[in-house]
Amino acid sequence: MKNIRLVAQVVLKESIRRKDFYVLFVLTAVICLVMGSVTFYHDNQIVRYLKEICLLLIWISTLVIAITMAARQIPVERESRTIFPLLAKPISRTQALLGKFFGCWIAIAAALSAFYIFFGLMAMSKEHSWPLANYFQAVWLHWIMLGVVIAMSLLGSLAFSAVSANVTICFVAVTFILMLGRHLENVAMGVGEPVRSLLQVLFYAMPHLEFFDVRDLVIHDWPPLHWLTCAKATAYGFVYGAFFLVAACLLFRRRPL
Amino acid sequence: MTANIERPQRNHGAHVAELCLPLLLVGGFCLATNLSVWFRNWPGNRISSNFMRIALGDASRLFANQFFVKADAYFHSGFYPSIYDNQQSFKTPHIAEDSGAMKGRNTGDETRFLAPPRNWLEAFGREFYPTVHTHLSEGGANGEERADTVGEILPWLKLSMELDPNHVQTYIVTAYWLRRMGNIDDSEQVLREGLKANPGNPKLLFDLGRLFFHGRHDSIRARNVWEAGLRDINSLPLPERTNDQNSFSREQILAALANLEAAAGNTNRVLSLLQQLKDVSATPDAVQKWIDDYKSGKRE
Amino acid sequence: MHGTTQTENQAPAPPQAKDVVRIEHLRVEFRSRELRQESKVAVKDLSFRVGSGEVFGFLGPNGAGKTTTMNVLLGFVNASSGEAYLFGRNVREPIARQRIGYLPELTYYYKFLNAEELLRFYAGIFNIPRGEVERRLDSVLKLVELEHARKRLIKTYSKGMQQRVGLAQALINNPDLLVLDEPTSGLDPVGRMKVRAIIERLKNEGKTIFFSSHELGEVETVCDRVVILHEGELKEEGSVKGLVDKYQCNLEQVFLKVIGFQPEQL
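Chains as they are written, first to last, in the working numbering: chain U, 153 to 409; chain Z, 755 to 1054; chain L, 10 to 275.
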């Protein structure tokens, strides 16, 4: 555990000292502030469009940060040969990989906190309320989802030789799941065999990242989820995250550096 | 003894370049000023103050429609069918149907466009997005929304208007909901913007007249606007004058004018208008009953 | 005349209690991903030992299998067959590396960290107690003359400074075995002298040093024992003095004879 923590700290330091997060945060903030300064028909309390745009930007930014950060970890260490002095120490490859995962996950948690605090303040300035339970659930589920994405990206970094290939494939996969995951069964019913069976297998096998997307509930002021539902979704995310991490560890242990 | 001073050789090429540069600049400037006048008069130019319409080109109408539907989704607090769901009950956006801007073509149960879940994954997934039918004007998601929360649909309607200023229904819907929120001034402004983009449009004129009559209790302006609408319809060529849309608009205006004149006590004018209405109405019997009731004093 | 392998002249020595490095019948084969390409055997049936306190030279021409063998010892590569042990522990166990320090040939470290952070990170992995970490940090940074730059990011360091950071991280845990891969490669004469001085100092402290180098003059001066590899096989093994006496020439010529190099080939 100590080694995992140490590697995670190094990943966190790197993410703080690189500029990616700050650029995306500033961009998101500027766009939202500009959009928020517009008044529609003298009504200062119209806020849902702003919440939607802000949340969309947050989702895009954090996905970019998470996928690119995770995709770079092992390949860049290999290319820059920093992995050799690391693994020449009494640390196993599994510990190194888990350290990378937790480092990325904690870094994205920090980014999410900053984004959502900005979002909350911006929404509160217009609607003068702060539904803490909703916001907490939104952040929590978003963080769990990004954990699955980071694990997926780490696995991809070991499976694919080029970082760019891994990043592209991860983005396409995540976008596909978020947009179509919920509707895959409907689509499957509309096509013939064998595509139908393939789609149904895909429907059951893929991680349903859309479970963690509660933006509509937050934007339109729906009541918060039942906490048991939130717990089930968390467990679901942990299962998939663990699956990708185990696969990544097995791959990392077998491959020569 | 004179000093042998060497003079530097004249670089003719550099001199020529120095002369050509200002000449080119002046020439370019003259050409630009000349051509800009021609360009403004050229029918093919697409100068517009709306950057988004320029950037999106003809796709702006697609986006405008998308944002109109988005407004309807906001009206339902996010509970809305996707392209993979049964859209029978949402063919006509409810915000338009409620406002009377569009004729409703919805069928089926609007609360049940989502079929029952096929498996546990789908059932579990429905916990994470809205699955209950609500209207913002009737309490919204938690049943406790303020009446003016329906204003949340306005940004998308405004965007839709910007992108497709020729889609008249958007102005009517926006104006209607602004009136429902008690914002008469902005409602009038929206209709006027619509008329600026679509001069003489009878639907817009009818709605403006309604605003004056019911919103501002200004019969004179209402009458003027409605009569202007009638004149615009009558001035159209025959096929266009008698198409469904314009026929319906004419009926609406005649009926509204009849009510206005009845409220003012102008009996002859009322009967004249009702007669005109009967001539063009799809339900002349109903109009005849109206005339009879008015004559007998049962209806004012 | 080719050198003879150890197995022809003497039976393998019995395992010593103080063997720091022990390699037994090591074979490393790299399978090609291309369909028609054969797999490459980088190391064939290699066996040798390094005793405690020795300065051990690991020699061979390019492509002999030195780096592959070192990679197996350090756990970067898995052996196809055979075993390798560090301090009696199989190299596959991370704990086997607890008492070693490794200086790679090409020294690259996390550019976004400064020297102090980097050394603290590695010290943490070695489980060095907190109080001891500060003392060791000061000591190694002073040894490699980087005290003045300890708070600067490594990306601002010159090549020489980066190599000194490399040496510092190899020594942070006060290792009993130092594995050096071409330690003087790319260094100026002053740098080489300093590295030699450090090796001598560590030797006097009783540390074991295992290093590969192409600077045979240096090896001859510093090393107690050497092995010479060629084409994945062990060609010669013994003390420097013993080999020089046996072949009646300096170490460089011994090397050339063992690998079968003929001057007329030039």
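Even for Gly, the Cβ is constructed at its ideal location relative to N, Cα and C. Small disclaimer: the values here were computed from a predicted structure and weren't measured.
Exposed or buried, which one is A158/L when buried takes at least 16 other CB atoms within 10 Å? Translated into the one-based positions of the third sequence, residue 158/L becomes position 149. By the neighbour-count rule (16 or more Cβ atoms within 10 Å), A158/L is buried.
Taking 8 Å as the threshold (C-beta atoms), are I134/L and N155/U in contact? Working through the first sequence from its first residue, we reach residue 155/U at position 3. Working through the third sequence from its first residue, we reach residue 134/L at position 125. Contact flag set, yes.
If we ignore side chains and look at the alpha-carbon of each, how far apart do W238/U and I329/U end up? Looking up residue 238/U in the first sequence gives position 86. Looking up residue 329/U in the first sequence gives position 177. Sequence check: residue 238/U is Leu here, not Trp. Distance between the alpha carbons of L238/U and I329/U: 36 Å.
Using 8 Å as the limit for Cβ to Cβ distance, is E229/U near chain Z? Here residue 229/U refers to the residue found at position 77 of the first sequence. No - not a single Cβ of chain Z is within 8 Å of the one on E229/U.
Rounded straight-line distance, which links the Cα of R108/L to that of L211/L: If you number the third sequence from 1, residue 211/L lands on position 202. If you number the third sequence from 1, residue 108/L lands on position 99. Approximately 14 Å, taken between the alpha carbons.
Cα-Cα separation between L146/L and S213/U, rounded to whole angstroms: Within the third sequence, numbered from 1, the residue matching residue 146/L stands at position 137. Within the first sequence, numbered from 1, the residue matching residue 213/U stands at position 61. L146/L and S213/U: Cα-Cα distance of roughly 39 Å.
List the residues that DSSP assigns as beta-bridge partners of I156/U. Start at 1 with the first residue of the first sequence, and residue 156/U comes out as number 4. When DSSP reads this structure, I156/U sits in no beta bridge, so it has no partner.
Where does R108/L fall in DSSP's three states? Numbered from its first residue, the third sequence carries residue 108/L at position 99. Correct three-state label for R108/L: coil.
Could you name the residues of chain A that L239/U contacts, counting a contact when the two beta carbons are closer than 8 Å? The question asks about chain A, but that chain is absent: this structure's protein chains are U, Z and L.
What's the call for W1044/Z, buried or exposed, on a 16-neighbour Cβ count within 10 Å? For the purposes of this step, residue 1044/Z is taken as residue 290 along the second sequence, with counting starting at 1. Buried: at least 16 other Cβ atoms inside 10 Å.
Taking 8 Å as the limit between beta carbons, can you name the residues of its chain near R224/U, skipping five residues before and five after? Here residue 224/U refers to the residue found at position 72 of the first sequence. Closer than 8 Å at the Cβ level, and outside the excluded window around R224/U, lie S309 and V315.
Who does G192/U pair with in a DSSP beta bridge? Here residue 192/U refers to the residue found at position 40 of the first sequence. Looking at the sequence itself, residue 192/U is Phe, so the reference to Gly does not match. DSSP, once it has assigned bridges, lists D195/U as partnering F192/U.
Using C-beta distances below 6 Å, list every residue in its chain close to Y356/U, excluding the 5 sequence neighbours before and after it, in chain order. Walking along the first sequence from the start, residue 356/U turns up at place 204. Correct list: empty, nothing qualifies.
Limits of the unbroken alpha helix (DSSP H) element including Y356/U: Reading the first sequence from its first residue, position 204 is the one you call residue 356/U. Segment V347 to A357, the alpha helix (DSSP H) holding Y356/U.
Is W910/Z close to chain U, meaning its C-beta is less than 8 Å from at least one C-beta of that chain? As a first step, residue 910/Z is located in the second sequence; it is residue number 156 there, counting from the start. Interface residue, yes.
Taking the alpha-carbon positions, what's the G12/L to G91/L distance? The sequence position of residue 12/L within the third sequence is 3, counting from 1. The sequence position of residue 91/L within the third sequence is 82, counting from 1. Confidence at G12/L is low in this model, with a pLDDT of 38, below 50, so its placement is unreliable and no value can be given for it.
Are L911/Z and T888/Z close, meaning C-beta to C-beta below 8 Å? Position 157 of the second sequence, counted from the first residue, corresponds to residue 911/Z. Position 134 of the second sequence, counted from the first residue, corresponds to residue 888/Z. No, these two residues do not count as a Cβ contact at 8 Å.
Alpha-carbon to alpha-carbon, F121/L and M276/U: Along the first sequence, read from residue 1 onward, the residue named residue 276/U stands at position 124. Along the third sequence, read from residue 1 onward, the residue named residue 121/L stands at position 112. If you take the alpha carbons of M276/U and F121/L, they lie about 38 Å apart.
8 Å Cβ cutoff, E892/Z in contact with chain U: Numbered from 1 along the second sequence, position 138 holds the residue referred to as residue 892/Z. No, E892/Z does not count as interfacial toward chain U.
Can you pull out the residues from the region 238-268 of chain U whose beta carbon lies closer than 7 Å to at least one beta carbon of chain L? L239, A240, K241, P242, I243 and S244
Might you give, ordered along the chain, the residues of its own chain that have their beta carbon closer than 8 Å to the beta carbon of E1005/Z, omitting 5 neighbours on each side? Position 251 of the second sequence, counting from 1, holds the residue named residue 1005/Z. Same-chain partners within the cutoff: L1031, V1034, S1035 and A1036.
Can you name the residues that DSSP bridges to I302/U? For this step, residue 302/U is matched to residue 150 along the first sequence. Answer is none; I302/U lacks a bridge partner.
Nearest chain L C-beta to L409/U closer than 8 Å, yes or no? For the purposes of this step, residue 409/U is taken as the residue at position 257 of the first sequence. Yes, L409/U counts as interfacial toward chain L.
Touch check for the region 270-287 of chain U and the region 242-253 of chain U: three-plus C-beta pairs under 8 Å? no
Pick out whichever of S61/L, E63/L, L55/L and G97/L has its Cα sitting closest to the Cα of M79/L. Residue 79/L sits at position 70 when you count from the first residue of the third sequence. Here the closest residue by C-alpha is L55/L.
Spatially closest choice to G854/Z from N997/Z, Y930/Z and N955/Z, by CA coordinates: By one-based count along the second sequence, residue 854/Z stands at place 100. For the residues N997/Z, Y930/Z and N955/Z, the minimum Cα distance to G854/Z belongs to Y930/Z.
Would you mind listing the alpha helix (DSSP H) stretches within the region 109-175 of chain L that are 4+ residues and don't spill past its ends, in chain order? Fully enclosed alpha helix (DSSP H) runs of 4 or longer: 124-134 and 139-152.
According to a CB-to-CB cut-off of less than 8 Å, which residues of the region 121-146 of chain L neighbour chain U? For the region 121-146 of chain L, which is checked against every Cβ of chain U, the residues closer than 8 Å are F121, L122, E126, F130, Y131, G133, I134, F135 and N136.
Can you pull the chain U residues whose beta carbon is under 7 Å from the beta carbon of R872/Z, in chain order? Counting from one through the second sequence, the residue named residue 872/Z turns up at place 118. Neighbours of R872/Z on chain U, chain order: E337.
Can you pull the chain Z neighbours of Y287/U, defined as C-beta to C-beta under 7 Å? In the first sequence, counting from the first residue as 1, residue 287/U sits at position 135. None at all; the shortest Cβ gap to chain Z is about 15 Å.
Counting contacts by CB-CB distance shorter than 8 Å, is F829/Z in contact with chain U? In the second sequence, residue 829/Z corresponds to position 75, counting from 1. No, no contact with chain U.
Between which two residues does the alpha helix (DSSP H) carrying H848/Z extend? Looking up residue 848/Z in the second sequence gives position 94. H848 to S853 is the extent of the alpha helix (DSSP H) around H848/Z.
For I268/L, count neighbouring Cβ atoms within 10 angstroms of its own Cβ and tell me buried if that reaches 16, exposed if not. Counting from one through the third sequence, the residue named residue 268/L turns up at place 259. So I268/L counts as buried.
Leaving aside the five residues before and after M304/U along the sequence, list all residues of the same chain whose C-beta is less than 7 Å from its C-beta, in chain order. Indexing the first sequence from 1 puts residue 304/U at position 152. C322 and F396.
Under 8 Å by Cβ, that's how I've got L350/U and G255/U pegged, so tell me the actual separation to the nearest angstrom. Residue 350/U sits at position 198 when you count from the first residue of the first sequence. Residue 255/U sits at position 103 when you count from the first residue of the first sequence. The Cβ separation is near 36 Å, so there is no contact.
Any C-beta of chain U within less than 7 Å: which residues of the region 91-107 of chain L qualify? P103, I104, R106 and Q107
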